[in-house]
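*Asks:* Can you keep this structure in mind? I'll have questions shortly.
There are 2 protein chains.
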Amino acid sequence: MPFEITNEYIQQIQQLIAEDNEDALLTLLEEVHYADIAEIIEEIEYSEAIYIIKLLESDVTSEIIAELDEDTRENILKGLSSKEIAEELSELDTDDAADIISELSDKQIKEVISHIEDEEHAKDIIELLRYDEDTAGGLMAKELVKVNENWNVLTCVKEMRAQAEEVSRVHSIYVVDDNNILKGRLSLKDLLTTSTKTAIKDVFIKKVDSVTVNDDAEDVAKIMQKYDLEAIPVVDELGRLVGRITIDDIVDVIKEEAEKDYQMAAGISQDVEADDTIWELTKARLPWLILALFGGFVSVSILGGFATAMIKYKELFFFTPLIAAMAGNVGVQSSAIILQGLANDSLKGSWWKRLIKEVSLSLLNGFVLAALLMSAGMFFLGFDIKVGLTVAISLVSVIIIASIIGTFVPIILDKRGIDPALATGPFITTSNDICGILIYFWIAKLILGF
Amino acid sequence: MPFEITNEYIQQIQQLIAEDNEDALLTLLEEVHYADIAEIIEEIEYSEAIYIIKLLESDVTSEIIAELDEDTRENILKGLSSKEIAEELSELDTDDAADIISELSDKQIKEVISHIEDEEHAKDIIELLRYDEDTAGGLMAKELVKVNENWNVLTCVKEMRAQAEEVSRVHSIYVVDDNNILKGRLSLKDLLTTSTKTAIKDVFIKKVDSVTVNDDAEDVAKIMQKYDLEAIPVVDELGRLVGRITIDDIVDVIKEEAEKDYQMAAGISQDVEADDTIWELTKARLPWLILALFGGFVSVSILGGFATAMIKYKELFFFTPLIAAMAGNVGVQSSAIILQGLANDSLKGSWWKRLIKEVSLSLLNGFVLAALLMSAGMFFLGFDIKVGLTVAISLVSVIIIASIIGTFVPIILDKRGIDPALATGPFITTSNDICGILIYFWIAKLILGF
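Sequence lines, in order, name chains E and V.
Using the working numbering, the first residue of the first sequence is number 151, and each one after it goes up by one.
Using the working numbering, the first residue of the second sequence is number 151, and each one after it goes up by one.
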């Protein structure tokens, strides 16, 4: 069922553009969804993209522009006049229009706004520009269907028909009082099944979940997921209904959040994609690599401090990468599990219980790994029992310490209001590398006595 | 606005249960959302949970049970008879009911089904049990509003009112022909704004996206996101309308997918949570640690093979953890970026271009890091220029190779139909550790000639 964009299809479009065959292009693209045309735009040349945008009607091109990657959109908008941009924005819901216009310069924003013919629409967009993009205000749209509690169902249906023309998707009908204070909601289902003569006051549902304009976008996502909401009304500090957020915007929030956490864990500090420039990729990657390099210096110094042991026990040095790798892996596992628990608010029980659990888990894993190490080491690598025992004991200790660090560093960061995702990836790996090597050589010194 | 579950609140509930004060409990819980009661159930004792489930009406408890963690639900269901479970399932939409019943034993499934009074509902649940949970069929519900293209709007509205009673959320009205073949849809908005005398044939939208029962759940999620759909109809192989999937189920698919990728990257092979048993956590974590251990053995052997170099160049061995760590970090960064590109279908351009880009990026990052290493090494650690140069050249080479491995292993796995997420985390770190150490000593041997 989904439309497949083939190379032949794109070549056909490019051919038609080259021939300036407007009719054939319009016929070809007529049946294509705007999301697919947006994908085509990403694939073709800039001049071809502008040709298509100028060719199609603004009710389609506005959706295409909203769908594009930020970089591509920036380019396309440069090819349009302020008046043309205003026409596109007039077709869009206020939330999408505000998102796009916020990418322009202050000067151009003013120009574009002045060209939007519907004053109400322009006013709504300006209002939305006030809010931080990571808040409920930044996510909401002004388009909604609301009725006054003092109306009867008949007036209500009439008013709603007019409002529904403006709203692409009707989720709920919100009920307000004369001061625009949110009082409750009417469901569409009720509307289908209630007699038209009833008074709104008598039928509306008085309980309605809502969020406030300054609420955090992530919290809004959690509430909508928990209560399985497809739309939620947004009120200002005084309880007045100012907008509504729909689930499709929340899907984007959830995806972005997941991608951010994933990138953090992989040591990428900014939202980058494989097709970004080398410079953008370097900015996102290099800081973490420098951190790892300095961590590496610390391990060099530690090893240097134990240089005298090299004469008698050179095998010890062969095992440092193994010990460091195990410490890193265990730490990343522990921190990942805790981070997901923190994200889902599902961590229960006291610190003590968690500590005992982590230590038991590490002992179990540690003994299995140490036993494997000892047997493989003795049979295949043939090192002496004292060194083998040293490495095995160190391995168990390192695993315990690494899992404690991996578990509690995110918890402590979270308690202090710092994003615990910072503690994953390179940060945990590097600090556990260092701790692991230090513990290893301490234990070796104790047992072997160099 | 969201309800906060405090310890005092839970104690109050436990107190009322101990006093067997049903009326006070009912009053207390009356205003509480089922999702919140589900959270309370997770916090209290088993006997208390059963008390609450048996106390409340089944229209609430069914939603509570659907909301619970799988482990908690399993326990609660053990405390209920087959007849009681059937009552709960009768209240739920077919998709939720099928998900819950599929967790029971085959024998109990039969018993529970035989107690469901609404035969149609029971038949629908049995039908849904046929589908794999990771397919469109596994996600869909049977509840939907459909009308025949041969009706007029009047019949349609009448029929819809009856159907809407059964459907908790009306997203779209699907239009079918006499053979139940999906022909198109009617939007609710159209319903609000169209005269009731029109014939359905003349007003319905002939274009409707749909998926087939065996389509992959992830693909359904991608389609619904791309086309901004809140619900999508599901058809069988013959094009007959058999169900519909709503966006809230897709939100769960997206979240689970993101969590799975995150856990893979952290070296956790099963869906586990911080509060799972030590045994479950070990099963998820130990396999990756064993992989890392065997990788460690390989690096031990490599270092052992260069043991003779230790006499003259012991500093070389101090740098092995640093080189291994850098290789691991670079590999994880590269693979994470590629994996996200693969997941979003946003990778463009040829392999050649990508290779050139990765090498340029690595050269840039590598030179910065090598310069830092050289200056820090010479000024603070005071090692000789020949060793410093060896380490620096190795570092740049290792970064190049690690980023190439990190980039192309996921791409190759993906081409071969293997989940590329396998290639992140411990797998990439371990193989890059080994490659890194090998390259490092080869280059050292070339330059220093031991």
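Backbone N, C-alpha and C define an ideal beta-carbon position, used for all residues, glycine too.
Only a predicted model underlies this, so the values are computations on that prediction, with no experimental measurement involved.
Could you tell me whether any Cβ in chain E is nearer than 7 angstroms to the Cβ of SER449/V?
*Replies:* Yes, contact with chain E.
*Asks:* Going by the DSSP bridge assignment, what does SER348/E pair with across the sheet?
*Replies:* The question names Ser, but residue 348/E in the sequence shown is Thr. Partner(s): none; THR348/E has no beta bridge.
*Asks:* Could you check what DSSP says for ASP366/V in three-state terms: helix, strand or coil?
*Replies:* Three-state result, ASP366/V: strand.
*Asks:* For MET151/E and ASP386/V, I'd like the C-alpha separation in whole angstroms.
*Replies:* Since pLDDT at MET151/E reaches only 48, below the 50 mark, its modelled position is unreliable, and the value read off the structure follows with that caveat. If you take the alpha carbons of MET151/E and ASP386/V, they lie about 13 angstroms apart.
*Asks:* Round the Cβ separation of VAL403/E and ALA371/E to the nearest angstrom and send it over; I've been treating them as touching at under 8 angstroms.
*Replies:* The pair is a contact, with the Cβ atoms about 5 angstroms apart (cut-off 8 angstroms).
*Asks:* Could you give the DSSP three-state label for VAL403/E: helix, strand or coil?
*Replies:* In the structure shown, VAL403/E sits in a helix (DSSP, three-state: H, G or I).
*Asks:* Note down, in chain order, all residues in the segment 422-437 of chain V with a beta-carbon under 8 angstroms from any beta-carbon belonging to chain E.
*Replies:* If the cut-off is 8 angstroms between Cβ atoms, the segment 422-437 of chain V has VAL422, GLU423, ALA424, ASP425, ILE428, LEU431, THR432, ARG435 and LEU436 near chain E.
*Asks:* Between the Cα of VAL509/E and the Cα atoms of PRO576/E, ASN329/E, VAL384/E and ILE551/E, which residue gives the shortest distance?
*Replies:* Per the Cα distances, ILE551/E.
*Asks:* As an exercise, report each continuous alpha helix (DSSP H) stretch of at least 4 residues that is fully enclosed by the segment 266-346 of chain E, in chain order.
*Replies:* Taking only runs of at least 4 residues, the alpha helix (DSSP H) segments lying wholly in the segment 266-346 of chain E are 269-279, 286-289, 303-316 and 338-343.
*Asks:* Where does THR470/V sit, in a helix, a strand or coil, going by DSSP?
*Replies:* It is helical.
*Asks:* Starting from LEU218/E, follow the alpha helix (DSSP H) in both directions and report where the run begins and ends.
*Replies:* Segment: none, LEU218/E is in no alpha helix (DSSP H) and carries neither H nor E.
*Asks:* Output the boundary residues of the alpha helix (DSSP H) element that contains PRO576/V.
*Replies:* 576-598 is the span of the alpha helix (DSSP H), which, as asked, contains PRO576/V.
*Asks:* Going by C-alpha to C-alpha distance, which of ASN300/E, GLN258/E, THR244/E and LYS308/E sits closest to TYR281/E?
*Replies:* Residue THR244/E is the option with its Cα nearest to TYR281/E.
*Asks:* Less than 7 angstroms between the C-beta atoms of LEU497/E and ASP564/E, yes or no?
*Replies:* Cβ distance not < 7 angstroms, so LEU497/E and ASP564/E don't count as in contact.
*Asks:* Would you give the residue range spanned by the beta strand (DSSP E) that ALA381/E belongs to?
*Replies:* Taken as a continuous stretch (DSSP letters only), the beta strand (DSSP E) holding ALA381/E covers 381-385.
*Asks:* Over what stretch of residues does the alpha helix (DSSP H) that includes VAL448/V continue unbroken?
*Replies:* First-last of the alpha helix (DSSP H) with VAL448/V: 428-455.
*Asks:* Under a CB-based cut-off of 7 angstroms, is GLN164/V close to chain E?
*Replies:* Not an interface residue.
*Asks:* When DSSP labels each residue in this structure, what does GLY389/E get in the three-state scheme?
*Replies:* It is coil, neither helix nor strand.
*Asks:* Using the DSSP secondary-structure output, state which residues sit across from THR396/E in a beta bridge.
*Replies:* For THR396/E, which the question treats as bridged, DSSP gives the partners ALA381/E.
*Asks:* Since PHE468/V meets chain E, which of its residues come closer than 7 angstroms, beta carbon to beta carbon?
*Replies:* Simply VAL450, LEU453 and GLY454.
*Asks:* Whether or not the segment 537-556 of chain V and the segment 433-445 of chain V are in contact is what I'm after, with contact meaning three or more pairs of Cβ atoms, one per stretch, closer than 8 angstroms; do they touch?
*Replies:* No: the two stretches stay apart, fewer than three of their Cβ pairs being nearer than 8 angstroms.
*Asks:* As a quick exercise: from LEU336/V, GLU193/V and LYS376/V, pick the residue whose alpha carbon is nearest that of LYS357/V.
*Replies:* It is LEU336/V.
*Asks:* Tell me the rounded alpha-carbon separation between ILE535/V and THR432/E.
*Replies:* Looking at the two C-alpha atoms, the distance is approximately 28 angstroms.
*Asks:* Measuring straight from C-alpha to C-alpha, what distance separates PHE468/E and ILE549/V?
*Replies:* Roughly 22 angstroms separates the two Cα atoms.
*Asks:* On the CB-based measure, 16 or more other CB atoms within 10 Å of its CB, does ILE506/E come out buried or exposed?
*Replies:* Classification for ILE506/E: exposed.
*Asks:* Which residues, taken in chain order from the segment 574-588 of chain V, show a beta carbon closer than 8 angstroms to some beta carbon of chain E?
*Replies:* Listed by position along the chain: THR574, GLY575, PRO576, THR579, THR580, ASP583 and ILE587.
*Asks:* Run the CB neighbour count on ALA521/E, radius 10 Å, all protein chains shown included, and call it buried at 16 or more, exposed below.
*Replies:* ALA521/E should be labelled exposed.
*Asks:* By how many angstroms is the C-alpha of VAL480/V removed from the C-alpha of HIS271/E?
*Replies:* Approximately 48 angstroms, taken between the alpha carbons.
*Asks:* Report the three-state DSSP secondary structure of MET151/V (helix, strand or coil).
*Replies:* With a pLDDT of 48 at MET151/V, under the threshold of 50, the modelled position of that residue is not reliable, and no figure is offered here.
*Asks:* How would you call GLY417/V, buried or exposed, if buried means at least 16 neighbouring beta carbons within 10 angstroms?
*Replies:* With 16 or more Cβ atoms within 10 Å of its Cβ, GLY417/V is classed as buried.
*Asks:* By DSSP, does ILE167/E sit in helix, in strand, or in coil?
*Replies:* Three-state result, ILE167/E: helix.
*Asks:* Taking the alpha carbon of SER484/V as the reference point, which residue from GLU409/V, ALA168/V, ILE578/V and GLU198/V has its own alpha carbon closest?
*Replies:* That would be ILE578/V, whose Cα lies nearest to the Cα of SER484/V.
*Asks:* Find out if the Cβ-Cβ distance for the pair ILE382/E, VAL361/E is shorter than 7 angstroms.
*Replies:* Cβ atoms of ILE382/E and VAL361/E: closer than 7 angstroms.
*Asks:* Listed from N- to C-terminal order along the chain, which residues in the segment 400-417 of chain E have their beta-carbon within a distance smaller than 8 angstroms of any beta-carbon of chain V?
*Replies:* Within the segment 400-417 of chain E, the qualifying residues are ILE400, VAL401, ILE404, LYS405, ALA408, GLU409, ASP411, TYR412, GLN413, ALA415, ALA416 and GLY417.
*Asks:* Is VAL422/E helix, strand or coil when you go by DSSP?
*Replies:* Note: VAL422/E maps to coil in three-state DSSP.
*Asks:* Of the residues ASP583/E, LEU227/E, GLN162/E and ASP219/E, which one's Cα is nearest the Cα of ILE200/E?
*Replies:* Of the candidates ASP583/E, LEU227/E, GLN162/E and ASP219/E, the one whose C-alpha sits nearest the C-alpha of ILE200/E is LEU227/E.
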